[in-house]
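Student: One structure coming up, written as structure tokens, with questions to follow.
In the working numbering, the protein residues as written are 12 to 120.
Next comes the structure, spelled out in structure tokens:
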């Protein structure tokens with residue numbers, strides 16, 4: 012199971028007001044109130060993701076050979092996966108462990 016940590020409830024300022032390179036969806040700057048939540052302390056590793064793809068027959072990232080991550084990179088963060096791949100991993104982990112896992116929201120991230 013991934014190690015998870017508690018993030019306490021709180022307020023923060025989100026967005027950008029004066030950055031000339033800011034995108035429109037980043038404006039206006041605003042205060043966001045978050046409830047307490049839990050998040051993985053570390054990124055999901057290649058080894059953890061491998062358990063998912065082998066269990067589900069899911070497609071491996073393009074930088075892997077078949078269902079094998081690059082040699083010596085088992086504890087490195089998994090890369091080259093899409094948002095739907097990450098969601099599928101969360102759903103699998105939820106079913107496997109009987110707890111609810113999901114990707115963080117933009118504000119939580």
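The C-beta atom is built at its ideal place from N, Cα and C for all residues, glycine as well.
Across which residues does DSSP place residue 44 in a beta bridge pair?
Tutor: Here residue 44 refers to the residue found at position 33 of the chain shown. 22, per the DSSP bridge assignment.
Student: Can you tell me which of the three DSSP states residue 55 falls into?
Tutor: Residue numbering aside, residue 55 sits at position 44 when the chain shown is read from its first letter. Three-state DSSP puts residue 55 in coil, outside helix and strand.
Student: Which value, in whole angstroms, describes the spacing of the CA atoms of residue 17 and residue 74?
Tutor: For the purposes of this step, residue 17 is identified with residue 6 of the chain shown, where counting begins at 1. For the purposes of this step, residue 74 is identified with residue 63 of the chain shown, where counting begins at 1. Near 33 Å, if we compare the C-alpha coordinates of residue 74 and residue 17.
Student: Please classify residue 20 as buried or exposed, where buried requires at least 16 other C-beta atoms within 10 Å of its C-beta.
Tutor: Residue 20 sits at position 9 when you count from the first residue of the chain shown. Residue 20 should be labelled exposed.
Student: Measuring only the C-alpha atoms, how far is residue 114 from residue 56?
Tutor: On the chain shown, position 103 is the one that residue 114 refers to. On the chain shown, position 45 is the one that residue 56 refers to. Straight-line Cα distance between these residues: approximately 15 Å.
Student: Measuring only the C-alpha atoms, how far is residue 49 from residue 30?
Tutor: To locate residue 49, count along the chain shown from 1; it is residue 38. To locate residue 30, count along the chain shown from 1; it is residue 19. Taking the straight line joining both Cα atoms gives about 31 Å.
Student: Starting from residue 15, follow its DSSP beta bridges and name the residues at the other end.
Tutor: Stepping through the chain shown from its first residue, residue 15 is reached at position 4. 51.
Student: Whose CA, out of 45, 72, 38, 51, lies closest to the CA of residue 96?
Tutor: Counting from 1 along the chain shown, the entry for residue 96 is found at position 85. When only C-alpha atoms are compared, the closest one is 72.
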